[in-house]
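First the structure, in the form of structure tokens, and then the observations on it.
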């Protein structure tokens, strides 16, 4: 049998983005031994791609803001399907977590009073997003990275975990390999925190990096946890559409936060048409009011009596609007719509949106201070994920925790922009604490089972033995076609059924994938294993989508275009049952009355 | 459709490794990283390359394209004449792992040795945009290590033993110029950081994909702070008389 | 990441995979500086044609006359601007590349000229002799004094027979001083001293003033290379112009005031 090296930690954190780093810092500060595994180099995680900001009700810019408003915005944005307790913790703890970042060296943009500056974003009643230009994610990850490396956390870079090991029902460790040379590694751990991010690589047009293959979702699924709300996949309304090489790359919502206007090829500002009745009153009534809001924003006034422009509607709305405009023939030459910030002062644009300016200039030959950008929806985020306890971030598998994008429940059926970075630090911290508490309560250290290791090694070795097998890249292409065609923005019963059938065929072909060459930094071989995770998460998305017979948030069914209140109190849950995926409907936790009142007394946002 | 010819370094050491030639169809707006992906998907799935965001935000896909250190995701194919070969090779300054991937672990070791952010316990966390503009420029760094690769102190003279390189001078500058930081890294910058090894030939600035003015805004100001404390007799005398300035 | 394969041997001098004409810039710099140095040396030793009417060549200003000094008076003063420029952060970059080939261009193998011999390990500006570059601030102080004299000369260049007189020469003198000021006050050290050394720009009224100064210096500093070259040429041109008039090769055109 192949050799493997062994490392032992109290807590193993898988994933070194915002959530993983925050969890590792929290756990290690409490004196336990922490190992941190990252699939790439440290500091390269997908968190760096977050641009617009961190939502936290600091009320630096608009004194009317507080956690209750943030909580309400989050729940309304998620169409009330959120785990209310998570949304509450998130809104309450985000400000503290942001201040903590500042004390660790993060350098946010400032207000004139010398406090953290906040900007407007879709679905947020007040200006709430703490930011650093349009590179907030980079600031967050670098701050956590520099904090973490001085705290004695052992970092295992370019290491992929392929299996969670268990002793009975409890977590006992993890097995994986180092990308650099393919050597195997066993981590013994009393608790594991999954912070692996999302599933975007299952889609062709995505803002996500190669790492986003649903590893945490699949590892947890295999280990016996359940995944909830997997049908809710967020398509970010504004991704680049041209040239082909950059299709899907994110265009931050901050462009709209700073006053960016969406127009179709006829020059119509179409977003007014697409505001849902329920929230229409929160947005500017016409172009004149939107313009006044903008003038107040540009002049640096902290408060404005005007309502925000319709472009700042929630992401699900804007994405559907753009998709519809294009489908009905009012799209641009390359199948997008125009996002225009060029009417503003060029220097301001460069200062507020420096990386957008460079991104378009260098990759698309477009000067956004002179001409509008072409944008269209791109797969961006998955709201669904591993079901966790809101307070401890523990899954139903003892010793297995999850935080960040790979966990589910926090964002309900649609995530507000800026709530993901705050999600990372709030629940990263919670998961760190939860895992430490768990290890303290745990009696004897769990045992490692040799047979589980043998299984894991066999699974990794087998692609090299199939010399006339299939190139995994070909299967990824097929997966992209299936997910794009049958499980996209708008869904329908027969499409989803076809999609699921095709996924089943793909799963069969997956048993024939081959790897060439050696184990030394071999992306083809890595993909053979990642593909399994992509298939599990894709199937979860498709099956969950088929089961939800309504449209809600990011889940839009052509055959059930209305939101069905009777379905608003149940989560879709999938879990492993032998070789098949079991799907159940589970009731939402009941929100206590004092929180419910926040919705009843909802005063007009801009009273 | 236009076709480009890429010569990509393949191998796990420089003795046995060699450049392999690939023909790749070129689309509008294509970058070198797209071409490498094409090779992975259609020809050799085991070509090793690091990449993550493909939008010049993570700094993973550093390589040398026609001898120039660059991010592959930012290097446009239409930048090259269509009849020329495009040569892609790994960063020279770091030990080779395979193909376009090098072992950059040394950088992470250096980072650990820099005194972290040290604010005063009673700081009230009020500071202004003008106080942090300098620091924010340095914090744009995406750690692509192109500056480390191109710096001749590391590249030609291999003084990794004595010089931390532009990336970590930038990081130090970001800490030293933070309005609330109280630590003093000047002595260690001179003795362990080897700031004197830098002869300000500015290649780091030339290759920086984030347009950080590494030399003018980070290294030279730090060099002058070192002069204040260690080379300027008048300043040193004044400091003796009036005591060290309160940071 | 603990595995280390054979590290790449140091790049061989002048070897590169670059395909552009990377040698052009260092070559132009080498020629440009070379021409200036040859011209300046010749003029400094020539000890003639440096003064006529209201004009005193910048190579000889301030004019120091010492009985015991048998050589050109230019030599008593030229070491100041020469030293200022030799220790300047821009010029260092330029000549380390163009003359020391350390490195000649980015990604092109350099030689260990700065360690003074190939056998020694590279130490750059951390040890003798190049550690002396750190006197740049003192050269700045002296250069500012010399610049003061040049401005004084430029004002004198506008006065003839106690009257205002503007000739082509006067304009050249003033332009030269403007360029020299843009270069001198855009100096990296000056930028450090006026405000760059502070960590907090808003913490006191003094700091706020220093911040404004720092911002102004920064504007010139961003184009330090440009001003370095412009002022280098303008000094040479000013001197050459004085020589042309002083040697009666041409005569200075008077625009305003009495003729020369």
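Protein chains in written order, with this note's numbering: chain A, 1 to 607; chain B, 608 to 854; chain C, 855 to 1114. Beta carbons: idealized from backbone N, C-alpha and C, even for Gly. A quick note: this is a predicted structure, and the numbers were derived from the prediction, not measured.
CA-to-CA, the gap between residue 630(B) and residue 477(A) works out to about 21 Å. If you check the CB distance, residue 399(A) and residue 335(A) do not come in under 8 Å. Neighbours of residue 813(B) in chain C, taken as residues whose beta carbon is under 8 Å from its own, are 960 in chain order.
Rounded to the nearest whole angstrom, the CA to CA distance from residue 263(A) to residue 330(A) is 9 Å. Under the 8 Å criterion on CB atoms, residue 1046(C) is classed as interfacial with respect to chain B. Within the segment 974-1042 of chain C, complete alpha helix (DSSP H) segments of at least 4 residues are found at 990-1010 and 1022-1038, given in chain order. Inside the segment 353-394 of chain A, DSSP marks whole beta strand (DSSP E) runs of 3 or more residues at positions 373-382 and 385-387, from first to last along the chain. Chain C places a beta carbon closer than 8 Å to that of residue 832(B), counting this residue as a contact. When C-beta distances to chain B are compared with 9 Å, the residues of the segment 458-473 of chain A below that value are 471, 472 and 473, in chain order. Looking at the DSSP output, residue 159(A) sits in a beta bridge with 178(A). Taking 8 Å as the cut-off, the beta carbon of residue 960(C) is found no closer than this to the beta carbon of residue 1004(C).
With a contact defined as Cβ atoms closer than 8 Å, residue 116(A) and residue 60(A) qualify at about 6 Å. From the listed residues 690(B), 791(B) and 652(B), the smallest Cα separation to residue 726(B) is found for 791(B). Ranked by how close their Cα comes to the Cα of residue 721(B), the residues 759(B), 783(B), 823(B) and 698(B) have 783(B) in first place. Going by beta carbons, residue 952(C) and residue 880(C) fall inside the 8 Å limit.
The Cβ atoms of residue 560(A) and residue 550(A) lie closer than 8 Å to each other. Inside the segment 634-688 of chain B, DSSP marks whole alpha helix (DSSP H) runs of 4 or more residues at positions 639-649, from first to last along the chain. Between the C-alpha atoms of residue 1006(C) and residue 901(C) there is a straight-line separation of about 22 Å. Per the C-alpha coordinates, the member of 8(A), 253(A), 472(A) and 237(A) positioned closest to residue 529(A) is 472(A). By the beta-carbon neighbour count (other beta carbons within 10 angstroms, threshold 16), residue 786(B) is buried.
In this structure, the beta-carbon distance from residue 653(B) to residue 469(A) does not fall below 8 Å. Looking at the DSSP output, residue 490(A) bridges to 556(A). Under a criterion of Cβ atoms nearer than 7 Å, the residues of chain C adjacent to residue 807(B) are, in order, 943, 946 and 947.
For residue 10(A), the enclosing beta strand (DSSP E) has its first and last residue at 4-14.
Closest in alpha carbon position to residue 109(A), among 735(B), 621(B) and 835(B), is 735(B).
Following the DSSP letters along the chain, one finds residue 1110(C) inside the beta strand (DSSP E) bounded by residues 1108-1110. Taking 8 Å as the threshold, the shortest C-beta distance from residue 1113(C) to chain B does not fall below it. Using a CB distance cut-off of 8 Å, residue 663(B) counts as an interface residue toward chain A.
Linking residue 6(A) to residue 749(B) through their CA atoms gives a straight-line distance of about 32 Å. DSSP, read as helix, strand or coil, puts residue 1113(C) in coil. Identification of residues in the segment 975-1001 of chain C having a C-beta nearer than 9 Å to some C-beta of chain B yields 975, 976, 977, 978, 979, 980, 981, 984, 985, 987, 988, 989, 990, 991 and 992, given in sequence order. One alpha carbon belongs to residue 67(A), the other to residue 845(B), and they sit about 52 Å apart. Around residue 870(C), the beta-carbon contacts reaching into chain B at under 7 Å are 674.
Under the three-pair Cβ rule at 8 Å, the segment 1019-1036 of chain C does not count as touching the segment 803-810 of chain B.
Proximity to residue 599(A) across 50(A), 70(A), 394(A) and 497(A) peaks at 70(A), based on C-alpha coordinates. One thing to note: residue 394(A) has its Cβ no nearer than 8 Å to the Cβ of residue 443(A).
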